[in-house]
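In our numbering, each residue's number is its place in the sequence shown (first place is 1) plus 519.
Notes to accompany the following structure.
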Amino acid sequence: MLSHIIDWSGRNRFLVLLATLFIVLGGIFAVLRTPIDALPDLSDVQVIVYTEFPGQAPQVVEDQVTYPLTTSMLSVPKSKVVRGFSFFGASFVYIIFEDGTDIYWARSRVLE
């Protein structure tokens with residue numbers, strides 16, 4: 520059976536090349552027409568709050584900036600995880616929201 524397919528392909532090279540060309544063009548057409556929504560965004564909805572406290576040690580930043588921000592962000596609706604990190608003169612607070620939360624809604628809740 521396989522030898523018959525090989526023999527037929529050898530005798531009908533033009534048809535094989537034409538079929539290959541149609542398949543390649545169809546693939547290119549499909550890739551160009553595929554909407555972006557067909558490839559879902561699997562990342563969590565998160566808002567990052569960055570604050571600066573120049574010249575201060577990480578412990579001071581933790582006590583005066585990161586901890587108060589982190590505890591206040593725990594009350595944000597639909598927040599799943601709140602993490603705070605303190606560095607020399609800077610602080611990051613990550614608020615991760617439940618799946619399906621609109622990013623603009625989450626940002627407005629954090630800004631409140």
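By construction, the Cβ of each residue, glycine as well, lies at the ideal position given by its N, Cα and C atoms.
Per-residue DSSP class, three states only, for residue i
| i | result |
| --- | --- |
| glutamate 571 | strand |
| serine 594 | coil |
| serine 562 | coil |
| phenylalanine 541 | helix |
| phenylalanine 616 | strand |
Alpha-carbon spacing of residue i relative to residue j, whole angstroms
| i | j | result |
| --- | --- | --- |
| glutamine 575 | phenylalanine 607 | 6 Å |
| glutamine 565 | leucine 630 | 13 Å |
| tryptophan 527 | proline 559 | 43 Å |
| leucine 536 | threonine 620 | 50 Å |
Counted within 10 angstroms of its Cβ, other Cβ atoms place residue i as buried (16 or more) or exposed
| i | result |
| --- | --- |
| phenylalanine 616 | buried |
| methionine 592 | buried |
| threonine 539 | exposed |
Own chain, CB closer than 6 Å to residue i, minus 5 neighbours either side, in chain order
| i | result |
| --- | --- |
| threonine 589 | Val601, Gly603, Val612 |
| threonine 570 | Val584, Ser610 |
| glutamate 581 | Ser605 |
| alanine 625 | Val564, Val566, Phe616 |
8 Å CB neighbourhood of residue i in its chain, flanking five on each side removed
| i | result |
| --- | --- |
| proline 554 | none |
Own chain residues within Cβ distance below 7 Å of residue i, not counting five before or after
| i | result |
| --- | --- |
| arginine 628 | Val595, Pro596 |
| proline 587 | none |
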